[in-house]
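Chains as they are written, first to last, in this note's numbering: chain G, -18 to 157; chain C, 5 to 290.
Glycine included, C-beta positions come from ideal geometry on N, C-alpha and C.
Since the structure is predicted, the reported quantities are computational estimates derived from the model, not experimental observations.
These notes are about the structure you will find just below.
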């Protein structure tokens, strides 16, 4: 609760009318941003702890270690350090949280460091697509998440003879 | 497909979008369900921030949007690099003018909307001109000087050009006097054709409809002067903005309204991802 309070206080400060309308001095805007950043980091740590405990309690092995979750603050950019283990041959499970009160079936986009990956849900492999922009890769697939719930998808690097991307999966054309 | 006369077409079972193959610009959106087509042009324009004139010393700033004149300049005067990618999940067209102006349209296979991602800024002020950059959609809808924007993501407010519902409005600033707040949703309607063009935003901004069928959305502002309303600084935003909006073309009906409302909430509350790594196979992990 104390960790979440950090974010709550930052959000409280950000309700000031100057914060809402953007009529604050630049140094004040920077202060708002720093408070929100500190609150964000504390909240992520809390989520990490809670989800890690939930995953451990649902594991068949009672001796399973608590998975250490990480977050990607650069999801709308081209690099996500959280998916770097893919380049070392590890699988990267990604857990999606749906904060709305209805089931969502939505596309998701994740920056990845390699071009050849597969995505699996609990039902097995699902369709996915990799877009290549300027030597960075964005993985796209559809995620199904229950209301206020979680879903897990596992991103796996594709090795060996499978290492060639199917030609029909993605193509690029420079128009002008 | 260089110099081809055929437009680039993205299509799923809900909508079809056509793009100019030479510059990647949006040409039209078709609602596949109803068969209606919206002819549309999107462009980026900028207003020069006022630093006062003989009418008034009022400068454009954080509180006051006051353009120097009503004329809007074209923001991108160079030929962009256009990249198209199509696959089983999405089709996308990326229009790259420079590192400070990139636009990407995406159509996902299961989406009823066209997504547009815009990377804009930092705005160049090396010419000593403050700039207020606007994304302008010009359609063939007849909108009777009326548009709508939301109040805090909830009730939609009817807006009429050069009009206020509760007092006799004297037009002093024909452009900025018609810019109103948007928190999540803004749209224009053609009641004679029963058609609506909706823009969903991922952050608060402002919108206007200065001409019939037109919808302006303010993107980014960088002014050189303080507007004298208490901030004491020019609004010299040196940041880059990466924003995602959704464009929906549909009929005017309660059914259609019930579709874009959840979409707007989904845009404001995206699925939140957390990552870990494992040596377990996907079946073992699951």
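For this session: List in chain order: all unbroken alpha helix (DSSP H) runs of 4+ residues lying wholly within the stretch 157 to 240 of chain C.
Result: none
Exercise. From 106(C), 180(C), 117(C), pick the residue whose C-alpha is nearest to that of residue 51(C); which is it?
Worked result: 180(C)
For this session: Please report the Cβ distance between residue 244(C) and residue 84(C), rounded to the nearest whole angstrom; I am assuming they are in contact, meaning their Cβ atoms lie under 8 Å.
Result: About 18 Å separates the two Cβ atoms, so there is no contact after all.
Exercise. Along chain C, in chain order, which residues have C-beta atoms closer than 8 Å to that of residue 34(G)?
Worked result: By Cβ distance, chain C contributes nothing, its closest Cβ being about 13 Å from residue 34(G), past 8 Å.
Exercise. Residue 24(G) by DSSP, collapsed to three states: which one?
Worked result: helix
Exercise. Under a three-way DSSP split, which group does residue 82(C) fall into?
Worked result: coil
For this session: With residue 105(G) as the anchor, note down where its alpha helix (DSSP H) starts and where it stops.
Result: First-last for residue 105(G): 105 to 107, but that is the beta strand (DSSP E), not the alpha helix (DSSP H).
For this session: Answer yes if the stretch 90 to 97 of chain C comes into contact with the stretch 112 to 127 of chain C, meaning at least three C-beta pairs across the two stretches below 8 Å, and no otherwise.
Result: yes
Problem set entry | Rounded straight-line distance, which links the Cα of residue 109(G) to that of residue 260(C) | 29 Å
Exercise. What are the start and end residues of the alpha helix (DSSP H) that includes residue -11(G)?
Worked result: -17 to -6
Exercise. Could you give the C-beta distance for residue 100(G) and residue 93(G), rounded to a whole number, given that I count them as a contact under 8 Å?
Worked result: Contact doesn't hold; Cβ gap of about 10 Å is too wide.
Exercise. Between residue 182(C) and residue 213(C), what straight-line distance do the alpha-carbon atoms span, to the nearest angstrom?
Worked result: 7 Å
Exercise. Alpha carbon to alpha carbon, how far is residue 12(G) from residue -9(G)?
Worked result: 10 Å
Problem set entry | Pairwise C-alpha distance: residue 154(C) and residue 145(C) | 20 Å
For this session: Could you please give me the residues that DSSP links to residue 143(C) through a beta bridge?
Result: 44(C)
For this session: Tell me, please, whether the CB atom of residue 289(C) is closer than 8 Å to any CB atom in chain G?
Result: yes
For this session: Verify the CB distance criterion: does residue 88(G) have a CB-CB separation below 8 Å to chain C?
Result: yes
For this session: With residue 258(C) as the anchor, note down where its beta strand (DSSP E) starts and where it stops.
Result: Careful: residue 258(C) lies outside any beta strand (DSSP E), inside the alpha helix (DSSP H) at 258 to 272.
For this session: For the beta strand (DSSP E) containing residue 154(C), list its first residue and its last residue.
Result: 150 to 154
For this session: Answer yes or no: does any C-beta atom of chain C fall closer than 8 Å to that of residue 116(G)?
Result: no
Problem set entry | Counted within 10 angstroms of its Cβ, other Cβ atoms place residue 117(C) as buried (16 or more) or exposed | buried
Problem set entry | residue 55(C): first and last residue of the uninterrupted alpha helix (DSSP H) it sits in | Counting along the chain, residue 55(C) falls outside any alpha helix (DSSP H), and DSSP gives it neither H nor E.
For this session: Check whether the Cβ atoms of residue 71(C) and residue 60(C) lie closer than 8 Å to each other.
Result: no
For this session: Please report the residue range of the alpha helix (DSSP H) in which residue 63(G) lies.
Result: Segment: none, residue 63(G) is in no alpha helix (DSSP H) and carries neither H nor E.
Exercise. Helix or strand or just coil, what does DSSP make of residue 124(G)?
Worked result: strand
Problem set entry | Straight-line gap, residue 29(G) to residue 49(G) (C-alpha atoms, nearest Å) | 7 Å
Problem set entry | Option nearest residue 60(G) by Cα separation, candidates 117(G), -1(G), 0(G) | 117(G)
Exercise. Does residue 135(G) get closer than 8 Å to chain C when you measure Cβ to Cβ?
Worked result: yes
For this session: Report yes or no: is there a C-beta of chain G within less than 8 Å of the C-beta of residue 263(C)?
Result: no
Exercise. Near residue 86(C), what residues of its chain come up, given a Cβ to Cβ distance below 6 Å and the 5 sequence neighbours on each side ignored?
Worked result: 28, 99
For this session: Can you give me the start and stop residues for the alpha helix (DSSP H) that residue 288(C) sits inside?
Result: 286 to 289
Problem set entry | Assigned exposure category for residue 104(C) - 16 Cβ within 10 Å defines buried | exposed
For this session: Check whether the Cβ of residue 235(C) lies closer than 8 Å to any Cβ atom in chain G.
Result: yes
For this session: State the start and end residues of the unbroken alpha helix (DSSP H) segment that holds residue 36(C).
Result: First-last for residue 36(C): undefined, no H or E at that position.
Problem set entry | For residue 95(G), the nearest candidate out of 70(G), 81(G), 104(G) (CA to CA) | 70(G)
Exercise. Taking Cβ-Cβ distances shorter than 8 Å, what residues in chain A pair up with residue 28(G)?
Worked result: Considering every chain present, this structure includes no chain A. Its protein chains are G and C.
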